[in-house]
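Engineer: What follows is a structure written as structure tokens; I'll ask about it next.
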Amino acid sequence: MEVLLESRSGLWAGGPVPGQFYRIPPAPGSSADPASALCGGPITRTQSPLVTGTSVPGVKFEGGVVIAADMLGSSGSLARFRNISRIMRVNDSTVLGASGDYADFQYLKQVLGQMAIDEELLGDGRWTQL
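Here it is in structure tokens:
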């Protein structure tokens with residue numbers, strides 16, 4: 017067995033030692049060890065979003081409010097999705113518009129949609145207390 021471990025070269029050089037966990041080396045330019053996330057370190061998934069959107073302007077006027085957003089979802093510099101909505105009607109008096117990470121907007125849509133369904137079914141006024 018010792019002969020096999022001593023002859024680690026070529027394809028297996030620097031690879032995992034049999035019977036032990038392999039520690040993934042950090043990415044170039046990164047000071048954090050990816051394995052540190054398993055040990056309670058910060059997880060930075062939301063700091064590098066995959067699909068993003070730009071600004072969502074809103075204008076208040078005497079008769080109400082106008083809110084607008086484009087329908088482009090970008091993945092880095094690539095115009096990846098050309099028909100996504102980033103505005104949601106929550107109820108008769110509330111509209112949600114979101115820029116930034118599209119996954120965050122999808123999560124908010126799901127949470128608010130379920131809250132609206134709960135209020136419609138239960139009618140307990142909880143929705144108006146938020």
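With the working numbering as the guide, the letters of the sequence shown map in order to residues 17 to 146.
Every residue, glycine too, gets a C-beta built ideally from N, C-alpha and C.
Fair warning: this is a prediction, and the values are worked out from it, not measured in the lab.
(1) Cβ of residue 82 within 9 angstroms of Cβ of residue 72?
(2) Just how far apart, CA to CA, sit residue 110 and residue 92?
(3) Roughly how many angstroms separate the alpha carbons of residue 136 and residue 34, rounded to a whole number?
(4) From 125, 140, 96, pick the residue whose C-alpha is nearest to that of residue 87; which is it?
(5) Can you give me the start and stop residues for the beta strand (DSSP E) that residue 103 sits inside?
(6) Kindly give me the distance between the Cβ atoms of residue 65 and residue 117, rounded to whole angstroms, as I take these residues to be in contact under 8 angstroms.
(7) Could you compute how far the alpha carbon of residue 139 sits from the alpha carbon of residue 133?
(8) Among residues of its own chain, excluding the 5 on either side of residue 129, which ones have a beta-carbon nearer than 7 angstroms to its beta-carbon?
(9) Just verifying my parser: in three-state terms, what is the DSSP assignment at residue 84?
(10) Using the three-state DSSP reduction, which class does residue 127 fall into: helix, strand or coil?
(11) Between the Cα of residue 98 and those of 131, 39, 68, spot the shortest distance and give me the residue it belongs to.
(12) What would DSSP say about residue 120, mapped onto helix, strand or coil?
Structural biologist: With the given structure in hand:
(1) Indexing the sequence shown from 1 puts residue 82 at position 66. Indexing the sequence shown from 1 puts residue 72 at position 56. In this structure, residue 72 does not lie closer than 9 angstroms to residue 82 by Cβ.
(2) In the sequence shown, counting from the first residue as 1, residue 110 sits at position 94. In the sequence shown, counting from the first residue as 1, residue 92 sits at position 76. Between residue 110 and residue 92, the C-alpha separation is close to 31 angstroms.
(3) Stepping through the sequence shown from its first residue, residue 136 is reached at position 120. Stepping through the sequence shown from its first residue, residue 34 is reached at position 18. When rounded, the distance between both Cα atoms is 59 angstroms.
(4) Stepping through the sequence shown from its first residue, residue 87 is reached at position 71. For residue 87, the nearest C-alpha among the options comes from 96.
(5) The residue labelled residue 103 in the question sits at position 87 within the sequence shown. Note, residue 103: beta strand (DSSP E), 103-107.
(6) Translated into positions along the sequence shown, residue 65 becomes position 49. Translated into positions along the sequence shown, residue 117 becomes position 101. About 3 angstroms; that satisfies the 8 angstroms criterion.
(7) Position 123 of the sequence shown holds residue 139. Position 117 of the sequence shown holds residue 133. The straight-line gap from Cα to Cα measures roughly 10 angstroms.
(8) As a first step, residue 129 is located in the sequence shown; it is residue number 113 there, counting from the start. Excluding residues within five positions, none has a Cβ falling inside 7 angstroms.
(9) Taking the first residue of the sequence shown as position 1, residue 84 is located at position 68. Correct three-state label for residue 84: coil.
(10) Translated into positions along the sequence shown, residue 127 becomes position 111. Here residue 127 sits in helix by DSSP.
(11) On the sequence shown, residue 98 is found 82 positions in, with the first residue counted as 1. Nearest C-alpha to residue 98: 68.
(12) By 1-based counting over the sequence shown, the position of residue 120 is 104. The answer is helix: DSSP assigns residue 120 an H, G or I state.
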